[in-house]
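So for the sequence shown, this note's numbering puts the first residue at 20; every next one is plus one.
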Amino acid sequence: MPFRTPLKRARGLGSGKSGTSHFWYQRVTAVVLAPLAIWFVATLVSLVGADLETARAIIARPWNTIIFAVFLVTMFWHAKLGLQIVIEDYVHQRWLEITAHFLNHFLCGLGAIASLYAIARIAFAS
20 MPFRTPLKRA RGLGSGKSGT SHFWYQRVTA VVLAPLAIWF VATLVSLVGA
70 DLETARAIIA RPWNTIIFAV FLVTMFWHAK LGLQIVIEDY VHQRWLEITA
120 HFLNHFLCGL GAIASLYAIA RIAFAS
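Dropping the structure here:
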């Protein structure tokens with residue numbers, strides 16, 4: 020029978036220093052995404068029935084391009100943080116957890132880069 024106190028057992032589980040920042044990043048990205056999502060949906064609704072050139076012109080406006088970029092980067096960051104928690108909570112095999120974390124980082128990063136590339140192509144197309 021081990022004679023360890025609950026505090027000793029808890030200290031053996033690892034550092035508890037990074038959870039707070041992760042928690043706040045998740046909440047801040049959620050707060051930032053709320054108005055951006057409303058703007059995004061409103062912009063898409065305004066494009067209903069528009070032709071391709073009108074849609075490109077609206078997306079290519081400087082403020083719309085910047086807001087689209089902020090929305091997409093924030094969305095992928097928020098998704099990465101959320102999926103990281105799900106992986107840590109529900110994946111219990113170490114090799115599978117490492118693989119899932121790698122795929123999470125890679126695919127969210129790739130999605131953000133691809134989105135920024137698409138926005139840049141639309142904004143700077145002549």
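C-beta: ideal position from N, C-alpha, C; glycine also.
Can residue i be considered in contact with the ligand SAM, in the sense that its beta carbon sits closer than 8 Å to one or more heavy atoms?
i: T48; result: You won't find the ligand SAM in this model; it holds no ligand whatsoever.
Between residue i and the rest of its own chain, which residues show a CB-CB distance below 7 Å, the 5 nearest in sequence each way excluded?
i: C127; result: F95, A98, K99
Can you tell me which of the three DSSP states residue i falls into?
i: A76; result: helix
i: V92; result: helix
i: L66; result: coil
i: Q112; result: coil
Quick check: what's the CA-CA separation for residue i versus residue j?
i: L55; j: L135; result: 16 Å
i: K119; j: F90; result: According to the sequence displayed, residue 119 carries Ala and not Lys. Those two C-alpha atoms are separated by around 25 Å.
i: L66; j: A74; result: 6 Å
i: V60; j: Y109; result: 32 Å
i: L71; j: I85; result: 20 Å
Which same chain residues end up closer than 8 Å to residue i when comparing Cβ atoms and leaving out the 5 residues on each side of it in sequence?
i: I106; result: E116, A119, H120, N123
i: R140; result: none
Give the C-beta separation of residue i and residue j to the nearest angstrom, bearing in mind that I take them to be a contact with Cβ-Cβ under 8 Å.
i: A149; j: A142; result: Residue 149 lies beyond the range of the chain shown here (20 to 145); nothing can be said about it.
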